[in-house]
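J.: One structure, pasted below without further comment.
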Amino acid sequence: MSLKMVSFLWRLRKTIKQCGLIVDREEANVILGMGGFTSFPPVVAGAKKGLRTYVHDSNAIPGRSNRMTAKRCTAVLVGLEEASAYFPNIKVIHTGTPVRDELEKLPSRQAACEKFGLDPLKKTLLVMGGSQGARRLNELVAEGTEGSAWQVLHLAGQMDFERLSEQVGNRDGYKILAFCEGMAAAYAASDFCVARSGASSLTELSHVGLPALLVPFPFAADDHQTANARVFEKAGAAILTHEKDLKAKTITDILSKLDDGTLESMSQSILNLAVPDAAAQIVNVIEG
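The sequence shown maps to residues 107 to 394 in the numbering used here.
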């Protein structure tokens with residue numbers, strides 16, 4: 107065993123002990139880990155004290171730390187039913203994944219479009235590149251929507267904002283933001299979305315009924331974003347395209363085929379994947 111591993115195990119044991127002290131101090135009855143390696147120490151500390159312990163995972167392929175943590179849990183809570191297969195011999199409960207309160211009631215389309223200076227009578231494409239590796243995706247969307255009848259609300263990210271603004275210029279119906287503080291309005295103004303397929307984005311898209319072209323982040327752990335996107339593709343709620351296969355023409359062609367009937371069908375399909383009361387379901391499990 108290497109010195110690094112010895113050091114890691116020593117620090118892990120120390121962290122578990124510290125978590126145990128916090129559990130005692132707070133007189134906790136239940137431990138809930140919301141995923142990631144930081145969930146392991148408190149869950150183990152709680153399990154050692156005989157408390158009910160849970161971990162929640164939002165992805166179709168659960169993270170490795172969650173798979174390890176699950177062995178110490180009373181049950182595992184999952185955002186997507188497809189994750190259940192990764193927890194053999196462990197009780198799994200499909201609760202869905204909670205969304206922020208802001209999305210519980212969306213503004214009207216009219217008000218949302220006015221907020222961003224968009225025409226409510228035109229179809230709107232929302233573009234969310236995500237926090238990782240979005241530069242190429244941003245470029246292709248800008249190129250693929252040139253001359254399109256669709257207007258665009260493009261959340262480019264702070265690092266890509268100036269470069270993309272130069273690429274698009276003063277194109278009518280193309281709104282670029284570095285970031286968006288009012289996502290409820292962004293969703294309400296939109297008819298279709300181009301996005302990565304992280305769990306948070308997909309949870310919100312399903313909650314608001316917004317179908318999408320999903321382009322998984324190619325370097326995500328265990329390629330879990332592709333697995334997430336396949337769930338939505340199979341349900342008829344989204345179109346899956348890998349970044350290596352994506353071209354500007356791909357976007358142009360997809361948008362040209364999205365008539366009202368197709369959008370309505372896809373919107374209903376993605377709504378069917380939502381668990382609107384996910385937070386309440388998790389609370390019900392915790393309260394026993």
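Positions of the beta carbon are idealized from the N, C-alpha and C atoms, including for glycine.
Do you know how far the Cα of A318 is from the Cα of A295?
T.: Cα to Cα, the separation comes out at about 14 Å.
J.: Note down, one range per segment and in chain order, each beta strand (DSSP E) of at least 3 residues found wholly within the segment 331-394.
T.: Complete beta strand (DSSP E) runs here, min 3: 344-346.
J.: So, D225 versus Q273, is the Cβ gap smaller than 9 Å?
T.: Contact: no.
J.: Considering only their Cβ atoms, is the gap separating A218 from H313 smaller than 9 Å?
T.: No; because the gap between Cβ atoms is not below 9 Å, this pair is not in contact.
J.: Using C-beta distances below 6 Å, list every residue in its chain close to P168, excluding the 5 sequence neighbours before and after it, in chain order.
T.: Closer than 6 Å at Cβ, skipping near neighbours: A189, Y192.
J.: If we ignore side chains and look at the alpha-carbon of each, how far apart do L186 and S306 end up?
T.: Taking the straight line joining both Cα atoms gives about 12 Å.
J.: Using beta-carbon positions only, say whether L157 and V184 come within less than 9 Å of one another.
T.: Not a contact, by the Cβ cut-off of 9 Å.
J.: Could you pull out every residue in the same chain whose Cβ sits closer than 6 Å to the Cβ of D329, ignoring the five residues on either side in sequence?
T.: Contacts found: none.
J.: Excluding sequence positions up to five away, which residues of its chain have a Cβ less than 6 Å from the Cβ of I122?
T.: Result list for I122: P147, V150, A151, in chain order.
J.: Quick one: residues in its chain with C-beta nearer than 7 Å to the C-beta of M372, no 5 flanking neighbours on either side, listed in chain order?
T.: Within the same chain, M372 has close Cβ partners P317, G342, A343.
J.: I'd like to confirm something about L186: is its beta-carbon nearer than 8 Å to some heavy atom of the ligand ZN, or not?
T.: Only the bare structure without any ligand can be found here, which leaves the ligand ZN out of the picture.
J.: Determine the DSSP secondary structure at R277, reduced to helix, strand or coil.
T.: Correct three-state label for R277: coil.
J.: Buried or exposed: P194, going by 16 or more other Cβ atoms within 10 Å of its Cβ?
T.: It is exposed - the Cβ of P194 has fewer than 16 other Cβ atoms within 10 Å.
J.: Please list, in chain order, all residues of the same chain as H200 whose beta carbon is under 6 Å from its beta carbon, the five residues on each side excluded.
T.: Same-chain partners within the cutoff: V184, E187.
J.: Going by the beta-carbon positions, is the gap between L364 and K229 smaller than 9 Å?
T.: Closer than 9 Å, so yes.
J.: Could you please give the first and the last residue of the uninterrupted alpha helix (DSSP H) stretch that includes Q216?
T.: 215-222 is the span of the alpha helix (DSSP H), which, as asked, contains Q216.
J.: Alpha carbon to alpha carbon, how far is E245 from L270?
T.: Rounded to whole angstroms, E245 to L270 spans 7 Å at the Cα level.
J.: What separation, rounded to the nearest whole angstrom, lies between the Cα atoms of D366 and F298?
T.: Going by the C-alpha atoms only, they are around 11 Å apart.
J.: Would you list the one or two residues that DSSP bridges to H200?
T.: Per DSSP, V184.
J.: Apply the 10 Å Cβ neighbour rule to Q331 and answer buried if 16 or more other Cβ atoms are within range, or exposed otherwise.
T.: Buried, because 16 or more other Cβ atoms sit within 10 Å of the Cβ of Q331.
J.: DSSP three-state label for Q399, please.
T.: In the structure as shown, the chain starts at 107 and stops at 394, and residue 399 therefore has no counterpart that could be examined.
J.: Tell me which residue opens and which closes the alpha helix (DSSP H) that V129 is part of.
T.: First-last of the alpha helix (DSSP H) with V129: 109-132.
J.: Would DSSP call T159 helix, strand or coil?
T.: Strand at T159.
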